[in-house]
Amino acid sequence: MNPLKSDEYPAIYTAYIETISGDIMDLLNEQVKTFPMFLAGIPEEKSEYAYAEGKWTIKEVVGHIIDTERIMAYRALRFARNDTKELIGFEPDDFVANARFNERSLKSLSDEFALVRESNVMLFRHLNDHELMRKGLASERLISVRAFMYIIAGHLNHHRNIIRERYLGE
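Sequential numbering of the sequence shown, starting at 1, is according to UniProt numbering.
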């Protein structure tokens, strides 16, 4: 697959996309294994820790990753199927506030992440080049189907780094 071009995504996603190197499908598949392994190394008693007042807990960050992946994959699906209707944005804080992630185990969230990611990998694997290059408007920004693959992987990289640095002090 050719490298992502800057005209395929809005600048707001640049920080996520810049975390990506190598083949995007390989990375998406690798993250199915490595992210649950990373989460397995976090003690359950630390999973409800927030590094500052008003910040999400580790469980809430993981839930946010899952919710965001679902939303981005849904957008990719719509555009891949040539649905030209503009898609509105979402408010991550509202999603987290209404999701009750802290009532679940970190293992439960990890398992859900793996299932969501495996499903999305299957979706992306079966899109052809023409479908991957289709674009649509999401949150008033033009974006390609292919860019969603990078955003999904980069969003996870971004939050895993935050968990390491701010929650675990690595």
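C-beta: ideal position from N, C-alpha, C; glycine also.
Check, Outcome
"Would you mind sorting Arg75 into buried or exposed? The rule is 16 or more other CB atoms within 10 Å of its CB.", "buried"
"Hey, which unbroken runs of the beta strand (DSSP E) at 3 residues or more fall wholly within the region 19-62?", "none"
"Sort Pro10, Ala40, Leu77 by Cα distance to Leu132 and report the nearest one.", "Leu77"
"Look at the alpha carbon of Pro10 and the alpha carbon of Glu18, and state the distance between them as a whole number of angstroms.", "13 Å"
"For my contact list, Val145 and Phe79 are in at a C-beta cut-off of 8 Å; report their separation, rounded to the angstrom.", "5 Å"
"What first and last residue would you give for the beta strand (DSSP E) that runs through Lys135?", "135-138"
"Out of curiosity, what's the CA-to-CA distance linking Tyr13 and Ile151?", "7 Å"
"Count the other CB atoms within 10 Å of the CB of Ser47; is the residue buried (16 or more) or exposed (fewer)?", "buried"
"Return the first residue and the last residue of the alpha helix (DSSP H) that Arg146 is part of.", "145-162"
"Between Lys30 and Asp23, what straight-line distance do the alpha-carbon atoms span, to the nearest angstrom?", "Position check: residue 30 holds Glu in this sequence, whereas Lys was assumed. If I take the Cα positions, the gap works out to 11 Å."
"Distance check for Ile71 and Lys6, CA to CA, integer angstroms please.", "Note on residue identity: the sequence assigns Ser, not Lys, to residue 6. About 21 Å."
"Is the beta carbon of Ile42 sitting closer than 8 Å to the one on Ile20?", "no"
"Assuming Phe113 contacts Ile143 (C-beta within less than 8 Å), just tell me the rounded distance between them.", "About 23 Å separates the two Cβ atoms, so there is no contact after all."
"Can you say whether Gly169 is buried or exposed, counting buried as having 16 or more other CB atoms within 10 angstroms of its CB?", "exposed"
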